[in-house]
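Asker: So for the sequence shown, the working numbering puts the first residue at 12; every next one is plus one. Ideal Cβ placement from N, Cα and C applies to all residues, glycine included. It should be emphasised that the depicted structure is a prediction, and the values quoted were computed from it without experimental measurement.
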Amino acid sequence: MKSKEVRTRLFFILHYNRLDYLNTMGRFDQSQQAVKSTLSELLLYEKGLDDFDKSTLFGNIAMSFFGAGNFQQCIFWLNRIRNEIPFKIRPDLESFLRLFYILAHYEAGHADILPSLILSFYRFLHKKEQLYKFESIIIDFLRNELPETGTPKALLQAFQKLKNKIAPLSKSPYEKNVFTYFDYISWLESKIENRPFAEVVRQKAKSLPDFI
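#1: Looking at residue 181: is its Cβ nearer than 8 Å to the Cβ of residue 196?
#2: What are the uninterrupted segments assigned as alpha helix (DSSP H) that are 4 or more residues long and contained completely in the segment 103-165, given in chain order?
#3: Can we say the segment 131-143 touches the segment 101-120, given the rule of at least three CB pairs closer than 8 Å?
#4: How would you call residue 137, buried or exposed, if buried means at least 16 neighbouring beta carbons within 10 angstroms?
#5: Keeping to the same chain, check which residues put their C-beta closer than 6 Å to that of residue 233; ignore five residues upstream and five downstream.
#6: In this structure, how does DSSP classify residue 184 when only helix, strand and coil are distinguished?
#7: Can you tell me the Cα-Cα spacing of residue 39 and residue 29, whole angstroms?
#8: Quick check on DSSP: helix, strand or coil for residue 76?
#9: Secondary structure at residue 94, three-state DSSP: helix, strand or coil?
#10: Do residue 34 and residue 78 come within 8 Å of each other at the CB atom, strictly closer than that value?
#11: My output table needs one value for residue 192: the three-state DSSP class, helix, strand or coil.
Now the structure itself:
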């Protein structure tokens, strides 16, 4: 393997794993500092990354901004994935990225484009050969329940109902892989309890091993 290829691989391993760990631990302030380090070197190595590595690295950058509450920058990095990388990498990753894109626009208050994004996600799922139960539940929520939440109370009740449906799936051997991409349960709890997403993730992560 050529030295440039080795350096590119090391760049990806270091920056992907560092961002992934900090995001998982809810340390989004530290993750934002790590993003600066990643971006300072990205131009040197970006061309050497394959589509899958690029999509997962950009996804972690987007997650860092999401956790920090900077939804516009989160959308910027998700758009880079959508515009620069063939959206056929892996069905489970594509499904996550589409749903993450919807959540980012929801958080950014872009209510006007949500219906078209949800419809596109529905059509994508409809073409999949096999759906996770989680995907069936979430698309039903987005298409049928979320539009009917006309009051804050109704919205909270809908979030609680959704959490009750998906929480058991996080322990399913087949379904739990869905939750490795995004902590949907913590996001729902942040809405139900009116707490920052980062705070909920960080509190849960206290029981996890600390490597940094």
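Answerer: Result, derived from the coordinates:
#1: yes
#2: 125-138, 144-151
#3: yes
#4: exposed
#5: The structure shown has nothing for residue 233, since the chain only spans 12 to 223.
#6: coil
#7: 12 Å
#8: helix
#9: helix
#10: yes
#11: coil
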